Amino acid sequence: MRLERPSLKWKEEHIAYMNEWDESRMTPSSFQLEEGSSYESYLEELAKREEGQGKWLPCTNYFLVDDMDRIVGMIDIRHDLNEYLHQVGGHIGYGVRPSERRKGYATWMLSEALKVTDTLGINPVLITCNHDNMGSAKTIQNNGGQEDESFTEDDGTVVRRFWIHR
Ligand SMILES: CC(C)(COP(=O)(O)OP(=O)(O)OC[C@H]1O[C@@H](n2cnc3c(N)ncnc32)[C@H](O)[C@@H]1OP(=O)(O)O)[C@@H](O)C(=O)NCCC(=O)NCCS
Numbered sequence: 001m002r003l004e005r006p007s008l009k010w011k012e013e014h015i016a017y018m019n020e021w022d023e024s025r026m027t028p029s030s031f032q033l034e035e036g037s038s039y040e041s042y043l044e045e046l047a048k049r050e051e052g053q054g055k056w057l058p059c060t061n062y063f064l065v066d067d068m069d070r071i072v073g074m075i076d077i078r079h080d081l082n083e084y085l086h087q088v089g090g091h092i093g094y095g096v097r098p099s100e101r102r103k104g105y106a107t108w109m110l111s112e113a114l115k116v117t118d119t120l121g122i123n124p125v126l127i128t129c130n131h132d133n134m135g136s137a138k139t140i141q142n143n144g145g146q147e148d149e150s151f152t153e154d155d156g157t158v159v160r161r162f163w164i165h166r
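Per full-length UniProt numbering, residue 1 is the first one in the sequence shown, and the count goes up by one each step.
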């Protein structure tokens, strides 16, 4: 298993992953391919987002790729927190391909992402999940997450917030 940065090389795999995704929007949202737009323009938009243009804070995105060069997960590392990320989004967002869940991939991918946050000097690292997302909460706790106060969004969604101290 390894982390790979998005590039044209991963176009077909990215589309296949997205076709398998089981919700209307991708998690993390940085991997959402918009209908009708080319992969090249997606990569250009992602590059702007990663640089922190517009409403975005700088971030770094990776695919989790297996030994068969199949994308099994995706992870977005935000280099800083704004009010929204402090309350809801956290430093790191991730998702695993539906057919590859419950095999330990999210736990491993997060542990690799924490090596990246180490190099970026981010400490402690904030990671969040909705109150009913047991898989994500366990993934965070498997990586040493210590729970802080929850945040309740306007629509009543309770977001659990965890800090990982490095
Ligand atoms: C949440 C998610 C990333 C977990 O990925 P995963 O690869 O299945 O996670 P892991 O295999 O590393 O599992 C971590 C732990 O959670 C448990 N777990 C995973 N899915 C679970 C579920 N649906 N219900 C209960 N426990 C679950 C695993 O058994 C494991 O527990 P253990 O360490 O005690 O054995 C994946 O379900 C997903 O992509 N969901 C949709 C997107 C999402 O919610 N992203 C997170 C946003 S905060």
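All residues carry an ideal CB built from backbone N, CA and C; glycine is no exception. Computed from a predicted structure; not experimentally measured.
query, result
"Looking only at C-alpha atoms, which of Asp-69, Leu-110, Met-74, Trp-56 sits nearest to Asp-80?", "Trp-56"
"Count the other CB atoms, across all protein chains shown, that sit within 10 Å of the CB of Glu-50; report buried if there are 16 or more and exposed otherwise.", "buried"
"Check Arg-97 in the structure and name its three-state DSSP category.", "coil"
"What's the gap between the Cα of Ala-106 and the Cα of Pro-28?", "13 Å"
"With DSSP as the reference, identify every bridge partner of Tyr-62, one or two as the case may be.", "Ile-75"
"Tell me where the beta strand (DSSP E) around Arg-49 begins and ends.", "Arg-49 -> not in any beta strand (DSSP E); alpha helix (DSSP H) instead, spanning 39–51."
"Quick one: does the C-beta of Arg-102 sit closer than 8 Å to a heavy atom of ligand 1?", "yes"
"Measuring only the C-alpha atoms, how far is Glu-149 from Arg-5?", "33 Å"
"Please confirm if the region 121–129 is in contact with the region 151–166, defined as three or more CB-CB distances below 8 Å between the two stretches.", "yes"
"Using three-state DSSP, classify Leu-33 as helix, strand or coil.", "coil"
"If contacts are defined as beta-carbon pairs under 8 Å, then Thr-117 and His-91 qualify, I think. What distance do you get, rounded to the angstrom?", "7 Å"
"Going by DSSP in three states, Glu-20 sits in which element: helix, strand or coil?", "helix"
"Apart from the five residues on each side of it in sequence, which residues of its chain come closer than 7 Å, Cβ to Cβ, to Arg-2?", "Val-65"
"Where DSSP assigns a beta bridge to residue 188, which residues make up the other side?", "Because the chain is modelled from 1 through 166, residue 188 falls outside the range shown and cannot be assessed."
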